[in-house]
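Asks: Mapping the sequence shown onto the numbering used here, position 137 (from 1) lands on 195, and the numbers just tick up by one. We put the beta carbon where it would ideally sit given N, CA and C, even for glycine. Quick one: the structure is below, questions incoming.
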Amino acid sequence: FRIGVGTGEIHQVRISNIAIAKAGRMISFCTSWEGIGNAQIEEVSFCNISAHNVLSVIKFITEIGSVRNILLENLNVKTKGGFFITPKSKGAVSDIVFRNLNVELYQKQVPEEKNLINLSNTDRVTFDSVNLICKKEDWENLIHSESNTDLTINNCNF
């Protein structure tokens, strides 16, 4: 799923009770592309989703614009890549909740990837009851966090 690109507002989106057999990025939020666009994305939830053979779980592409109030809940994912929540200097990402996730990284897709979860320049991100299964020796860091405000991790197994 790609949500965004362009201008305007995207809000109150609910996606639930689906199975994904194969995908590149399972979920992508894209507020702009190569400096064009300025989408404001908010109040989006993905619930009760099963996904297999995806290249990465989630990526935020936010050069400008904002993404906020996002819920990912009750997801079972088999993936080859991780989480990329790294807005650019004029982009904003806030109030993101990952709850009741089971993520199995069964094959590392990009050998030079160093971190399974990449977080930078975010506000209020919560991981609650998240279970990550992977070969820990494949990663320099399971979580890389830089310049975040209010990062919360509860009842997680990394």
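I'd like the span of the beta strand (DSSP E) that includes residue 146, first residue to last.
Replies: For residue 146, no beta strand (DSSP E) encloses it, and the DSSP letter there is neither H nor E.
Asks: Tell me the rounded alpha-carbon separation between residue 107 and residue 74.
Replies: 6 Å
Asks: Where does residue 117 sit, in a helix, a strand or coil, going by DSSP?
Replies: strand
Asks: Taking its Cβ as the centre, do 16 or more other Cβ atoms sit within 10 Å of residue 102, making it buried, or is it exposed?
Replies: buried
Asks: Determine the extent of the beta strand (DSSP E) in which residue 82 is found, giving its start and end residues.
Replies: Residue 82: member of the beta strand (DSSP E) spanning 81–88, first to last residue.
Asks: Could you pull out every residue in the same chain whose Cβ sits closer than 6 Å to the Cβ of residue 178, ignoring the five residues on either side in sequence?
Replies: 144, 204, 205
Asks: Among 211, 167, 80, whose alpha-carbon lies nearest the alpha-carbon of residue 196?
Replies: 167
Asks: For residue 193, which of helix, strand or coil comes out of DSSP?
Replies: coil
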